[in-house]
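Numbered per our numbering, the sequence shown spans residues 11 to 150.
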Amino acid sequence: MWKYYAVLSAFFAALTAILAKCGVSGINSNLATAIRTAVILIITWGIVLVTGGLSQMKELSRRNLMFLVLSGIATGLSWLFYFKALQLGDVSKIAPVDKLSVAFAVVLGFLFLHETVSIHVLIGTALIISGSLVILAGGK
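The following block contains the structure:
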């Protein structure tokens, strides 16, 4: 089942890049990121409230909160840099290079979470890195 969610995530990430490129045109990229974040905040809290997820707040540990806050900081920084890149460059170059995050996640998952990495994951990661390097070497 996770595969369907992953493909949907990839599709909406692609759509996000196109829509964001159009939306960031002529405005401050940080303002664009703030608007996007406000929309996400409203939607996600709405889903939590509708699905009854708010009742799990009391189950959160300090560890959960710490890592979620750190994840939020990383997400915010990622979005700020992504929107700035979109403001300055082409989606067709930025979106694939942004997917280097996959390679970083594989390496970090191996180092810090002690996840096993199959040959399929290694090959896929190598292809992502190779593709990103080809795009980055293309200049401009």
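Even glycine gets a Cβ: it sits at the ideal position worked out from N, Cα and C. Small disclaimer: the values here were computed from a predicted structure and weren't measured.
To the nearest angstrom, how far is it from the Cα of residue i to the Cα of residue j?
| i | j | result |
| --- | --- | --- |
| Thr26 | Arg73 | 31 angstroms |
| Pro106 | Ala48 | 26 angstroms |
| Phe77 | Leu51 | 18 angstroms |
| Ile37 | Thr85 | 21 angstroms |
| Gly33 | Ala20 | 20 angstroms |
| Ser142 | Thr135 | 11 angstroms |
| Met11 | Thr126 | 21 angstroms |
| Ala30 | Leu96 | 8 angstroms |
Given a threshold of 16 other Cβ atoms within 10 Å of its Cβ, counted over all protein chains shown, does residue i qualify as buried or as exposed?
| i | result |
| --- | --- |
| Leu80 | exposed |
| Ser5 | The structure shown does not extend to residue 5, since the chain is modelled only from 11 through 150, so no value can be given for it. |
| Tyr14 | exposed |
| Ile104 | buried |
| Leu137 | exposed |
| Val17 | exposed |
| Leu121 | exposed |
Leaving aside the five residues before and after residue i along the sequence, list all residues of the same chain whose C-beta is less than 8 angstroms from its C-beta, in chain order.
| i | result |
| --- | --- |
| Ser128 | none |
| Val131 | Val116 |
Within the same chain, show all residues whose beta-carbon is closer than 6 angstroms to that of residue i, passing over the 5 residues directly before and after it, in chain order.
| i | result |
| --- | --- |
| Leu90 | Thr43 |
| Leu110 | Ser142 |
In chain order, what residues of the same chain have a beta carbon less than 7 angstroms from the beta carbon of residue i, not counting five sequence neighbours either side?
| i | result |
| --- | --- |
| Tyr92 | Asp108 |
| Val58 | Leu64 |
Below 6 angstroms, is the gap between the Cβ of residue i and the nearest heavy atom of the ligand HEM?
| i | result |
| --- | --- |
| Pro106 | This structure simply doesn't include the ligand HEM, nor any ligand for that matter. |
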